[in-house]
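Following: one structure in structure tokens, then a few remarks.
There are 2 protein chains.
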Amino acid sequence: MGKICVLRIGHRIGRDQRITTHVFLVARAFGAEEGILCGDEDDSVLRGIARVSDLWGGKFGVKYEKSWKSFLKKRKDDGWKVAHLTMYGEEMVNFEKVKKENGNCVVVVGAGKVPTELYHMADLNLSVTNQPHSEVAALAIFLDRYFGGKEMLKKFDGKLQITPNTCGKVVVHGENR
Amino acid sequence: MGKICVLRIGHRIGRDQRITTHVFLVARAFGAEEGILCGDEDDSVLRGIARVSDLWGGKFGVKYEKSWKSFLKKRKDDGWKVAHLTMYGEEMVNFEKVKKENGNCVVVVGAGKVPTELYHMADLNLSVTNQPHSEVAALAIFLDRYFGGKEMLKKFDGKLQITPNTCGKVVVHGENR
Numbered sequence: 124m125g126k127i128c129v130l131r132i133g134h135r136i137g138r139d140q141r142i143t144t145h146v147f148l149v150a151r152a153f154g155a156e157e158g159i160l161c162g163d164e165d166d167s168v169l170r171g172i173a174r175v176s177d178l179w180g181g182k183f184g185v186k187y188e189k190s191w192k193s194f195l196k197k198r199k200d201d202g203w204k205v206a207h208l209t210m211y212g213e214e215m216v217n218f219e220k221v222k223k224e225n226g227n228c229v230v231v232v233g234a235g236k237v238p239t240e241l242y243h244m245a246d247l248n249l250s251v252t253n254q255p256h257s258e259v260a261a262l263a264i265f266l267d268r269y270f271g272g273k274e275m276l277k278k279f280d281g282k283l284q285i286t287p288n289t290c291g292k293v294v295v296h297g298e299n300r
Numbered sequence: 124m125g126k127i128c129v130l131r132i133g134h135r136i137g138r139d140q141r142i143t144t145h146v147f148l149v150a151r152a153f154g155a156e157e158g159i160l161c162g163d164e165d166d167s168v169l170r171g172i173a174r175v176s177d178l179w180g181g182k183f184g185v186k187y188e189k190s191w192k193s194f195l196k197k198r199k200d201d202g203w204k205v206a207h208l209t210m211y212g213e214e215m216v217n218f219e220k221v222k223k224e225n226g227n228c229v230v231v232v233g234a235g236k237v238p239t240e241l242y243h244m245a246d247l248n249l250s251v252t253n254q255p256h257s258e259v260a261a262l263a264i265f266l267d268r269y270f271g272g273k274e275m276l277k278k279f280d281g282k283l284q285i286t287p288n289t290c291g292k293v294v295v296h297g298e299n300r
């Protein structure tokens, strides 16, 4: 199984702060290795995710990159595939293509209008339904398909851990605190 | 297969407007029948979803209800089950419980801190991973499991329709325009 990097492009300070944070929290919880933020430089997003990883465990972190294009070029040169999630793309049956190749993959989700160039740089433009909804949901479904549901079993060994419970909240402190 | 109603509680004007809108867009795109908004009364959310349904098709709409408690009581009296999505809940293997009962189900997602009473009123408190991430993603995964992936094939017959495409955007105008 390859590594997954989640690239958020076109981030706008203020407007996108919560949605972009949800994008990266989903990336972390569903088994991605790293996140890359492009668009406005926004330390609040980076710090927010770092705080979650510090408390809840795992090595997921987000870095800022000025140019998504240079970043993607570099990764492509290193043999990574690029999958762009868009409501205009091929239907998700083609997720299998990414999986079969079994290599590392950058998953791109846009905020606002996405530059046409990205459609051409991507190896796959994939849609999670062709209806307007949410990049947060599209990413979750993509990762769930990519990892075949196994991502849900991942252990994070954080300072804080939850004991699943039928009614109420049970938070325990891990050994790593 | 039963009907799904998505109930968003604790909505806060301003702060939650985009996330709540994403919650309802996911509800619509992934096969729910209706949405209910509780918390601050926020016409911008209701209007936004109505506009999407008008353009992209289907009958999904969102109504505002003053009291989530009265609403849930009524639905429970009518035989609906209540599934509350929370990172503290039972792991998603128990989604099967909802499915097997095959009845109508209200899925509840909270904004901010959720009242303890809800944990007790819910038939199931379910977690989509026990990591902090996003109610938008949790709802998408829940609905995807509930409908077994078939929700992705749903046709909406809207005024606008997308023809899935490997590279670029193809929007066609449906016959209902």
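Sequence order for the protein chains is A and B. Start counting the first sequence at 124; every next residue gets the next number (this note's numbering). Start counting the second sequence at 124; every next residue gets the next number (this note's numbering). We put the CB at the ideal spot given by N, CA and C, even for glycine.
Test item: CB-CB of residue 163 of chain A and residue 136 of chain A under 8 Å: Working through the first sequence from its first residue, we reach residue 163 of chain A at position 40. Working through the first sequence from its first residue, we reach residue 136 of chain A at position 13. Yes. Within cutoff.
Closest by C-alpha distance to residue 262 of chain A, when choosing among A:141, A:154 and A:140: Start at 1 with the first residue of the first sequence, and residue 262 of chain A comes out as number 139. Considering only alpha carbons, the answer is A:154.
Three or more C-beta pairs below 8 Å linking the region 215–230 of chain B and the region 170–188 of chain B: no
C-beta neighbour in chain D for residue 295 of chain A, strict 8 Å: Of the protein chains in this structure, namely A and B, none is chain D.
Per-residue burial, residue 378 of chain B [other beta carbons within 10 Å of its own, 16 or more giving buried]: Nothing can be reported for residue 378 of chain B: it is not among the residues displayed for chain B, which extend from 124 to 300.
Cα-Cα separation between residue 288 of chain B and residue 169 of chain A, rounded to whole angstroms: By one-based count along the second sequence, residue 288 of chain B stands at place 165. By one-based count along the first sequence, residue 169 of chain A stands at place 46. Taking the straight line joining both Cα atoms gives about 34 Å.
Backbone CA spacing between residue 300 of chain B and residue 285 of chain B [nearest angstrom]: For the purposes of this step, residue 300 of chain B is taken as the residue at position 177 of the second sequence. For the purposes of this step, residue 285 of chain B is taken as the residue at position 162 of the second sequence. In this prediction, residue 300 of chain B scores a pLDDT of 46, lower than 50, which makes its location untrustworthy; the coordinate-derived value is nonetheless stated afterwards. Rounded to whole angstroms, residue 300 of chain B to residue 285 of chain B spans 14 Å at the Cα level.
Close Cβ partners of residue 237 of chain B (< 8 Å) along its chain, the five nearest in sequence each way excluded: Residue mapping note: residue 237 of chain B aligns to position 114 of the second sequence, counting from 1. Taken in chain order, the residues that qualify are 132, 133, 207 and 209.
Buried versus exposed call for residue 235 of chain A [16 or more other C-beta atoms within 10 Å across all chains shown]: Working through the first sequence from its first residue, we reach residue 235 of chain A at position 112. Exposed is the call here.
Interface residues of chain A facing residue 288 of chain B [CB-CB closer than 8 Å]: Your numbering for residue 288 of chain B matches position 165 in the second sequence. Here the neighbours are 211, 212, 213 and 248.
Residues that residue 292 of chain B contacts on chain A, provided the C-beta gap is smaller than 7 Å: For the purposes of this step, residue 292 of chain B is taken as the residue at position 169 of the second sequence. Result: 211.
Within 8 Å, strictly: CB atoms of residue 248 of chain A and residue 212 of chain A: The count along the first sequence starts at 1 and reaches residue 248 of chain A at position 125. The count along the first sequence starts at 1 and reaches residue 212 of chain A at position 89. A contact, by the Cβ cut-off of 8 Å.
Reduced DSSP secondary structure (H/G/I, E/B, other) of residue 176 of chain B: Here residue 176 of chain B corresponds to residue number 53 of the second sequence, with the count starting at 1. DSSP places residue 176 of chain B in helix when its eight states are reduced to three.
C-beta contact flag for residue 270 of chain A and residue 218 of chain A at 8 Å: Translated into positions along the first sequence, residue 270 of chain A becomes position 147. Translated into positions along the first sequence, residue 218 of chain A becomes position 95. Against a cut-off of 8 Å, the Cβ pair of residue 218 of chain A and residue 270 of chain A comes out as no contact.
The beta strand (DSSP E) enclosing residue 209 of chain B, as first and last residue numbers: Reading the second sequence from its first residue, position 86 is the one you call residue 209 of chain B. Element bounds for residue 209 of chain B: 204–214.
Contact belief for residue 314 of chain B with residue 216 of chain B at Cβ below 8 Å, rounded distance in angstroms: No answer is possible for residue 314 of chain B: the residues shown for chain B start at 124 and end at 300.
For residue 83 of chain A: DSSP bridge partner residues: Since the first residue shown for chain A is 124 and the last is 300, residue 83 of chain A is missing from the structure and cannot be characterised.
Close Cβ partners of residue 242 of chain A (< 6 Å) along its chain, the five nearest in sequence each way excluded: Along the first sequence, read from residue 1 onward, the residue named residue 242 of chain A stands at position 119. Cβ neighbours of residue 242 of chain A beyond the five flanking positions: 248.
Contact with chain B by residue 148 of chain A, beta-carbon distance below 8 Å: As a working note, residue 148 of chain A is residue 25 in the first sequence. Answer yes: the Cβ-Cβ gap between residue 148 of chain A and chain B drops below 8 Å somewhere.
Contact with chain B by residue 269 of chain A, beta-carbon distance below 8 Å: To locate residue 269 of chain A, count along the first sequence from 1; it is residue 146. No, residue 269 of chain A lies away from the interface with chain B (no Cβ there is under 8 Å from its Cβ).
Under 8 Å between C-beta atoms of residue 144 of chain B and residue 172 of chain B: Position 21 of the second sequence, counted from the first residue, corresponds to residue 144 of chain B. Position 49 of the second sequence, counted from the first residue, corresponds to residue 172 of chain B. In contact: residue 144 of chain B and residue 172 of chain B (Cβ atoms closer than 8 Å).
Cβ-Cβ separation, residue 159 of chain A to residue 186 of chain A (assumed contact under 8 Å), whole Å: As a working note, residue 186 of chain A is residue 63 in the first sequence. As a working note, residue 159 of chain A is residue 36 in the first sequence. Going by Cβ atoms, the distance from residue 186 of chain A to residue 159 of chain A rounds to 6 Å, so yes, they are a contact pair.
Delimiting residues of the alpha helix (DSSP H) encompassing residue 250 of chain A: Translated into the one-based positions of the first sequence, residue 250 of chain A becomes position 127. From DSSP, residue 250 of chain A is part of no alpha helix (DSSP H) but of the beta strand (DSSP E) over 247–250.
Within 7 Å of chain A by C-beta, residues of the region 174–187 of chain B in sequence order: 175 and 179
Inter-residue Cα distance where the pair is residue 275 of chain B and residue 194 of chain A: Sequence index remark: in the second sequence, residue 275 of chain B carries index 152 (1-based). Sequence index remark: in the first sequence, residue 194 of chain A carries index 71 (1-based). Their backbone Cα atoms lie some 32 Å apart in a straight line.
Start-to-end residues for the beta strand (DSSP E) that takes in residue 132 of chain B: For this step, residue 132 of chain B is matched to residue 9 along the second sequence. Here the beta strand (DSSP E) through residue 132 of chain B covers 127–134.
Top-ranked residue by Cα proximity to residue 230 of chain B, from B:252, B:204, B:251 and B:255: Taking the first residue of the second sequence as position 1, residue 230 of chain B is located at position 107. Ranking B:252, B:204, B:251 and B:255 by Cα distance to residue 230 of chain B puts B:204 first.
Beta carbon proximity, residue 238 of chain B to chain A, threshold 8 Å: For the purposes of this step, residue 238 of chain B is taken as the residue at position 115 of the second sequence. No, residue 238 of chain B lies away from the interface with chain A (no Cβ there is under 8 Å from its Cβ).
Buried/exposed call for residue 190 of chain A, threshold 16 Cβ in 10 Å: Walking along the first sequence from the start, residue 190 of chain A turns up at place 67. Flag for residue 190 of chain A reads exposed.
Three-state class that DSSP yields for residue 182 of chain A in the structure shown: Residue mapping note: residue 182 of chain A aligns to position 59 of the first sequence, counting from 1. The answer is coil: DSSP assigns residue 182 of chain A none of H, G, I, E or B.
Reduced DSSP category for residue 221 of chain A - H, G, I as helix; E, B as strand; rest coil: Within the first sequence, residue 221 of chain A is the residue found at index 98, counting from 1. Looking at residue 221 of chain A - three-state DSSP - the assignment turns out to be helix.
With 16 other Cβ atoms within 10 Å as the buried cut-off, status of residue 167 of chain A: As a position in the first sequence, residue 167 of chain A is number 44, starting the count at 1. With fewer than 16 other Cβ atoms within 10 Å, it is exposed.
Residue range of the alpha helix (DSSP H) that includes residue 160 of chain B: Sequence index remark: in the second sequence, residue 160 of chain B carries index 37 (1-based). That residue, residue 160 of chain B, is in no alpha helix (DSSP H); its beta strand (DSSP E) goes 157–162.
Within chain A, partners of residue 141 of chain B - CB distance below 7 Å: Reading the second sequence from its first residue, position 18 is the one you call residue 141 of chain B. Neighbours of residue 141 of chain B on chain A, chain order: 141 and 142.
CB of residue 148 of chain B within 8 Å of CB of residue 175 of chain B, strictly: As a working note, residue 148 of chain B is residue 25 in the second sequence. As a working note, residue 175 of chain B is residue 52 in the second sequence. Yes.
CB contact check: residue 128 of chain A to chain B, cutoff 8 Å: Counting from 1 along the first sequence, the entry for residue 128 of chain A is found at position 5. Output row for residue 128 of chain A: interface = no.
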